[in-house]
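Undergrad: Residue numbers (the numbering used here), protein chains in the order written: chain A, 1 to 112; chain B, 1001 to 1113.
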Amino acid sequence: KQEVTQIPAALSVPEGENLVLNCSFTDSAIYNLQWFRQDPGKGLTSLLLIQSSQREQTSGRLNASLDKSSGRSTLYIAASQPGDSATYLCAVRPNGYSTLTFGKGTMLLVSP
Amino acid sequence: DTEVTQTPKHLVMGMTNKKSLKCEQHMGHRAMYWYKQKAKKPPELMFVYSYEKLSINESVPSRFSPECPNSSLLNLHLHALQPEDSALYLCASSRQGVSYEQYFGPGTRLTVT
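1) Check the Cβ-Cβ distances between Glu1024 (chain B) and every residue of chain A, and say whether any is below 8 Å.
2) Taking Cβ-Cβ distances shorter than 7 Å, what residues in chain B pair up with Thr26 (chain A)?
3) Quick one: is Lys1 (chain A) near chain B, going by C-beta distance under 8 Å?
4) Taking the alpha carbon of Asn63 (chain A) as the point to measure from, which residue in A:Gly16, A:Ala9, A:Leu21, A:Val4 has its own alpha carbon closest?
5) In chain A, what lies closer than 8 Å to Gly1105 (chain B) by C-beta?
6) Does the beta carbon of Pro1069 (chain B) come closer than 8 Å to any beta carbon on chain E?
7) Can you have a look at His1077 (chain B) and say buried or exposed, based on whether 16 or more other CB atoms are within 10 angstroms of its CB?
8) Kindly indicate which residue of A:Leu11, A:Arg72, A:Arg61, A:Gln6 has the alpha-carbon position closest to the one of Leu108 (chain A).
9) If I measure Cβ to Cβ from Cys90 (chain A) and keep anything under 7 Å in the same chain, skipping five residues before and after, which residues do I get?
10) Does the pairing of the region 1003–1011 of chain B with the region 1042–1060 of chain B give three or more beta-carbon distances under 8 Å?
11) Ends of the beta strand (DSSP E) at Leu1011 (chain B)?
12) Would Lys1041 (chain B) be called buried (16 or more neighbouring beta carbons within 10 Å of its own) or exposed?
13) When Cβ atoms are compared, which residues of the region 1074–1096 of chain B fall closer than 9 Å to chain A?
14) Taking 8 Å as the cut-off, does the region 1099–1112 of chain B touch the region 1005–1018 of chain B (at least 3 CB pairs, one atom from each stretch)?
15) One question on the structure: do Leu1090 (chain B) and Pro1061 (chain B) come within less than 8 Å of each other, judged by their Cβ atoms?
16) Taking CB distances under 8 Å as the criterion, tell me whether Leu1110 (chain B) reaches chain A.
17) Applying a beta-carbon distance threshold of less than 9 Å, which residues of chain A neighbour Val1012 (chain B)?
18) At 7 Å on the CB atoms, spell out the chain B contacts of Thr99 (chain A), in chain order.
19) Hey, quick one: how far does the beta strand (DSSP E) through Glu1044 (chain B) stretch, first residue to last?
20) From Tyr1035 (chain B) to Ser1086 (chain B), what does the alpha carbon distance come to, in whole angstroms?
21) Quick one: residues in its chain with C-beta nearer than 8 Å to the C-beta of Cys1068 (chain B), no 5 flanking neighbours on either side, listed in chain order?
22) For the region 25–60 of chain A, which segments carrying the beta strand (DSSP E) assignment without a break, of at least 3 residues, lie completely within its bounds, in sequence order?
In structure tokens, the structure reads:
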């Protein structure tokens, strides 16, 4: 059974710092991996989708990498801003399935 | 347009009530999903519809009844719920196929009294 782990569970940084969120998964047989952002009490916003054949994806200040063989992904946020404060969820899509397996998330607080 | 809409935003219901949650998308997606999310937990998959047919039911109690009347709409009918069913209910959609990105709605906050 696929398990997804996110470290750290919570992170607090001052504005302007670069930071890395980690995601690991136990079964490397995945189709792709998706990073989401969730504000309190709100829905999920898709940030980046990395296909299993890709090594990284970039969107603005966000960069996500994928090392499928080692079962790891990282989300790099450059020059963090208070508006980045949210919970970040990593989810993997196993081969042959349309469903997602989520990690428990990293709660990020960026202080001014 | 990459928007999934959900109504209502908030719902309070008693254990004997019958209510429905609604989800709509106009992206031409043929896969739609219901998730349940408790506080500080990740979303848990409940149901998946593919081409308007139920393809996955994650052993959800029968007091939750999904319906997909057409390719743009997804409903979740609620009846005789328990207080522990209080949660954020999220709808998502994607293109049909295993590799496609899921887009989520804002959710319905359900409180069962």
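Heads up, the beta-carbon is just placed ideally off N, CA and C, and yes, glycines get one too.
TA: So, from the data block:
1) no
2) Simply none; closest approach about 16 Å.
3) No - not a single Cβ of chain B is within 8 Å of the one on Lys1 (chain A).
4) When only C-alpha atoms are compared, the closest one is A:Leu21.
5) Gly43
6) The structure shown contains no chain E; its protein chains are A and B.
7) exposed
8) A:Leu11
9) Val4, Gln6, Cys23, Leu33, Trp35, Ser73, Gly103
10) no
11) Segment 1010–1013, the beta strand (DSSP E) holding Leu1011 (chain B).
12) exposed
13) Leu1088, Leu1090, Cys1091, Ala1092, Ser1094, Gln1096
14) Cβ pair count under 8 Å is three or more, so yes.
15) no
16) No, because no Cβ of chain A sits closer than 8 Å to the Cβ of Leu1110 (chain B).
17) Neighbours of Val1012 (chain B) on chain A: none; closest Cβ ~15 Å, over 9 Å.
18) Leu1045, Val1048, Ile1056
19) Run containing Glu1044 (chain B): 1044–1050, per the beta strand (DSSP E) assignment.
20) Spanning the alpha carbons of Tyr1035 (chain B) and Ser1086 (chain B) requires a straight line of approximately 13 Å.
21) Met1032, Tyr1049, Glu1052, Lys1053, Leu1054, Leu1074, Asn1075
22) Segments of the beta strand (DSSP E) lying fully in the region 25–60 of chain A: 30–38, 44–51, 56–59.
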